[in-house]
Structures are given as structure tokens and as C-alpha cells.
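**Q** A single structure is presented below for examination.
In full-length UniProt numbering, the protein residues as written are 1 to 92.
Spelled out as C-alpha cells, the structure:
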């Protein structure tokens, strides 16, 4: 599997984030926003109908490590699962 970070540092990206339904004033004051995404067909060839479970387990591990790492350096973390899929797809 391949993992990578893509930065959205321009004003257009920030404005697009603000237009997403789940974004509040609080959310836009954060220093960093991390979106997790997966491309199902990359796992389906190997795991078949169980691919969605594997992806959910993987993201659970990633988020857990984000919480642990944030706590270790004295930062806060807030996972948000409510979002508009179509808008997120266009942004990403």
C-alpha cells in the first residue's frame, strides 16, 4: 500500500474547505486538517468482498496513532466523520 500527504496550502483550497457542509468556524481555526482516503479497487483485487473491512481497520489504526502522537506532543486531536462525499472528492 502507498500512503502520502498532499498539502492544500493555497487560498483556493482553504476556501473550498470552508464551503464543505461539516466545516465550522472552530474547524477552520485548526493548524492542520488531515483527510483520510482510500481507493477501493486497490484492495479489492487482494481481499475481495472483505476489502472494505480491511480499509476501515487500517484507518482505525492510523487515527489511533494520530491521537497517540498528538497526545505525546501535547496537542489536541478531533476526528470528524461527517462530511459531504461529493465535495470532498472534488477537493481531493
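Don't be surprised by glycine CBs; every beta carbon is placed ideally from N, CA and C.
Values in this document were obtained by computation on a predicted structure and should not be read as measured data.
Straight-line CA distance for residue 71 to residue 77?
**A** Distance between the alpha carbons of residue 71 and residue 77: 8 Å.
**Q** Considering just the uninterrupted stretch of the alpha helix (DSSP H) at residue 60, what are its terminal residues?
**A** Run containing residue 60: 51-72, per the alpha helix (DSSP H) assignment.
**Q** Mapping the DSSP letters down to three states, classify residue 85 as helix, strand or coil.
**A** Helix, per DSSP.
**Q** Have a look at 46, 38, 31 and flag the residue whose alpha-carbon is nearest the alpha-carbon of residue 88.
**A** Checking every option, the nearest Cα to that of residue 88 belongs to 38.
**Q** Between which two residues does the alpha helix (DSSP H) carrying residue 41 extend?
**A** That run of the alpha helix (DSSP H) goes 41-47.
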